[in-house]
Structures are given as structure tokens and as C-alpha cells.
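K.L.:
Structure incoming, see below.
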Amino acid sequence: YINSFRVNYIIELMESAQTKNFTFEAMANEAGFSSRTTFFTAFKKQMGVSPTRYLIEVNGKLSH
435 YINSFRVNYI IELMESAQTK NFTFEAMANE AGFSSRTTFF TAFKKQMGVS PTRYLIEVNG
495 KLSH
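In this note's numbering, the protein residues as written are 435 to 498.
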């Protein structure tokens, strides 16, 4: 349940101009995930795609 809030927070971070240069690991740590792997698993479970694929689909390019 808490991971859904964390994933939503990371989506907001991804869309923020201030975090354009953040790595997925930095965003995961900022949101409170214990590891990059845990973050990727929770993100894919909630969104149906990996964080990388999400950025490609939303931005039309890889930006992280």
C-alpha cells in the first residue's frame, strides 16, 4: 500500500524540472525504497511497465 504512494511520488519527481538529472536510484532513495530493485518491482507492478519504459512512453525519449 505504501509503495503505491512512493511510486506516485516518483512519477511526480520524474515530471519535475528539478529532478531531470536524478538517477532512478536517487529517486528511489528519495521516496523511501530500500533499493533500486525494490523500486523497479513496485513501479512495474503498479504501472505495468518499467520506469525506463514509462519515461520513453511519456517523454518520447530516454531521459534517465
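Here a beta-carbon is modelled for each residue, glycine too, at the ideal position from N, C-alpha and C.
(1) Less than 8 Å between C-beta atoms, sequence neighbours within five positions excluded: which residues of the same chain meet that for S497?
(2) With DSSP collapsed to three states, give me the class of Y435.
(3) Kindly list the residues whose CB is nearer than 6 Å to the CB of E464, restricted to its own chain and excluding five residues on each side of it in sequence; keep chain order.
(4) Suppose the cutoff is 6 Å on Cβ atoms and the five residues either side in sequence are ignored; what does the same chain contact list for A462 look like?
(5) Take the Cβ of I436 as the centre, count every other Cβ of all protein chains shown within 10 Å, and call the residue buried at 16 or more, exposed below.
(6) If you measure between the beta carbons of F467 and V441, is that distance less than 7 Å?
P.N.:
According to the data block:
(1) The sequence position of residue 497 within the sequence shown is 63, counting from 1. Only weak support is given to the placement of S497: the predicted model assigns it a pLDDT of 47, under 50, and the value that follows is read from those uncertain coordinates. These residues qualify, in order along the chain: K454, L489.
(2) Reading the sequence shown from its first residue, position 1 is the one you call residue 435. In the structure shown, Y435 sits in coil (DSSP, three-state: anything other than H, G, I, E or B).
(3) Locating residue 464 in the sequence shown gives position 30, where the first residue counts as 1. Closer than 6 Å at the Cβ level, and outside the excluded window around E464, lies no residue.
(4) Counted from its first residue, the sequence shown places residue 462 at position 28. Taken in chain order, the residues that qualify are R470, F473.
(5) Taking the sequence shown and counting its residues from 1, the one referred to as residue 436 is at position 2. It is exposed - the Cβ of I436 has fewer than 16 other Cβ atoms within 10 Å.
(6) Translated into positions along the sequence shown, residue 467 becomes position 33. Translated into positions along the sequence shown, residue 441 becomes position 7. Not in contact: F467 and V441 (Cβ atoms no closer than 7 Å).
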